[in-house]
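Asks: Position one of the sequence shown corresponds to residue 474 (our numbering), numbered consecutively onward.
Built from N, CA and C at the ideal position, the CB exists for glycine as well.
If you're wondering where the values come from, they're calculated on a predicted model, not measured in any experiment.
Quick one: this structure, given as structure tokens, is what I'll be asking you about.
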Amino acid sequence: MNASRLALVTGANQGLGRAFTEGLAARMDPGDLVLLTGRDPRRVAAAAREVAALPGTRARVEGRVLDVTDTEAIARLAEDLGARHGGVDVVLSNAVARVLPDESQSARADEFIDVSNTATHAVLRSFGPVLRPGGRLLVVASGLGTLGHLDPRLHPLFDGASLEQVEYAVESWRGAVHHGTSEEAGWPRWLNVPSKVAQVAAVRAVAAERREQDLAAGTLIASVCPGMVDTPTSRPWFSDYSQAQSPEQAAKAVLDLVFAEGADPALYGELIQFGKALPWHGGAPLTEQDRLLTP
Numbered sequence: 474m475n476a477s478r479l480a481l482v483t484g485a486n487q488g489l490g491r492a493f494t495e496g497l498a499a500r501m502d503p504g505d506l507v508l509l510t511g512r513d514p515r516r517v518a519a520a521a522r523e524v525a526a527l528p529g530t531r532a533r534v535e536g537r538v539l540d541v542t543d544t545e546a547i548a549r550l551a552e553d554l555g556a557r558h559g560g561v562d563v564v565l566s567n568a569v570a571r572v573l574p575d576e577s578q579s580a581r582a583d584e585f586i587d588v589s590n591t592a593t594h595a596v597l598r599s600f601g602p603v604l605r606p607g608g609r610l611l612v613v614a615s616g617l618g619t620l621g622h623l624d625p626r627l628h629p630l631f632d633g634a635s636l637e638q639v640e641y642a643v644e645s646w647r648g649a650v651h652h653g654t655s656e657e658a659g660w661p662r663w664l665n666v667p668s669k670v671a672q673v674a675a676v677r678a679v680a681a682e683r684r685e686q687d688l689a690a691g692t693l694i695a696s697v698c699p700g701m702v703d704t705p706t707s708r709p710w711f712s713d714y715s716q717a718q719s720p721e722q723a724a725k726a727v728l729d730l731v732f733a734e735g736a737d738p739a740l741y742g743e744l745i746q747f748g749k750a751l752p753w754h755g756g757a758p759l760t761e762q763d764r765l766l767t768p
């Protein structure tokens, strides 16, 4: 990476995103800059001040307001950082919409898809071109992001798809949810499964186009599964969270990828958990009980 580096984290006010920001600020150099982003100006400013004041912080930390559902705002920020700093070294796309188990999945579909999927597409499309050689663009997904967790009828929508085809599949799913035909078409009721599969498929699509040049430059584009993490967003979904990691623990494996030398071809474009790639075609559709037990 460059002598003076720039990192950006979305959904960074609290939980895992906050832990990513703290870890980056502690492991980067005093001349480097970490941007903590979120959509609430006061929370962003407060979180940035708090991280900057931590004893272990070495890099500069600044807050930036960014609503990831505003794709034009994502594009403007990427363009601005490219113009001002010559590019970005680390992008951790972490924002997620909070949905509780007793809430209507269909009623929350638009917000969930906009935050998890439309935003992921925009981050990949906008920040990919300004990612410096040797950089890292990582999308936080989950172990549910492997293709096998979907009904086989849906596999052709995502397997080997381009980014545009993934976007079309996501919007088709959104439409089916609104028209009440999603389950008939094979889509699971639980939003998290198709959302995560689509995130991983989007990363795979972009990575497939850039693979040769990125590997030559030591650049890594991938999706990551941090495992079970004890946060306000995830806790309501687990019947037993006694084995869950703290955000700081979960962030470590992801940050190790950020600071690793070069880019491992076996990990490039894949869904990575604890340093290993999960099989894209692995997994099986979840039962209603499974969804309350799986991170």
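1) Going by the CB atoms, is the gap between A532 and D502 shorter than 8 Å?
2) Name the DSSP beta bridge partners of Q718, please?
3) Quick check: what's the CA-CA separation for D540 versus V676?
4) In three-state terms, what does DSSP make of D553?
5) Looking at the secondary structure, which residues open and close the alpha helix (DSSP H) in which P629 lies?
6) What separation, rounded to the nearest whole angstrom, lies between the Cα atoms of G555 and D729?
7) Taking three-plus beta-carbon pairs below 8 Å as touching, is the region 748-758 in contact with the region 516-533?
8) Are the beta-carbon atoms belonging to V673 and L744 less than 8 Å from one another?
9) Excluding the five sequence neighbours on either side, which residues of its own chain have a C-beta within less than 7 Å of the C-beta of S589, listed in chain order?
10) Given R465, which residues of its chain have a CB within under 7 Å of its CB, disregarding the five upstream and five downstream residues?
11) Output yes or no for whether 8 Å exceeds the beta carbon distance between R684 and G735.
12) Taking one C-beta from the region 642-661 and one from the region 692-704 each time, how about it: are there three or more such pairs within less than 8 Å?
13) Look at the alpha carbon of I547 and the alpha carbon of D624, and state the distance between them as a whole number of angstroms.
14) Taking only runs that begin and end inside the region 586-636, name each unbroken alpha helix (DSSP H) of 4 or more residues, in chain order.
15) Closest to A642 by C-alpha separation, out of A680, T591, L597 and P606, would be which residue?
16) Among E637, E545 and A521, which residue has its Cα nearest to the Cα of R537?
17) What's the gap between the Cα of L765 and the Cα of E640?
18) Let me know if F732 comes out buried or exposed under the rule of 16 or more other beta-carbons within 10 Å of its beta-carbon.
19) So within the region 490-553, which uninterrupted alpha helix (DSSP H) runs reach at least 4 residues, ignoring any that extend past its ends?
20) Can you tell which of S715, V697, D703 and E721 has its C-alpha closest to the C-alpha of L740?
21) Tell me whether L481 sits in a helix, a strand or coil according to DSSP, three-state version.
22) Taking only the alpha-carbon atoms, compute the straight-line gap between S566 and G511 and give it to the nearest angstrom.
23) Using only alpha-carbon positions, find the residue among M701, A726, K725 and A723 that is nearest to S715.
24) In whole angstroms, give me the CA-to-CA distance for S645 and S477.
25) Report back the beta-carbon spacing between F631 and L620 to the nearest angstrom; my notes put them in contact at under 8 Å.
Replies: Considering the structure as presented:
1) yes
2) V702
3) 21 Å
4) helix
5) H628 to F631
6) 25 Å
7) no
8) yes
9) V569, A570, S668 and Q672
10) The displayed coordinates of the chain run from 474 to 768. Any statement about residue 465 would go beyond what the structure contains.
11) no
12) no
13) 32 Å
14) 592-600 and 628-631
15) T591
16) A521
17) Its pLDDT being 45, under 50, L765 is placed unreliably by the model, and the measurement read from it follows with that caveat. Roughly 28 Å separates the two Cα atoms.
18) exposed
19) 514-526
20) V697
21) strand
22) 11 Å
23) M701
24) 43 Å
25) 6 Å
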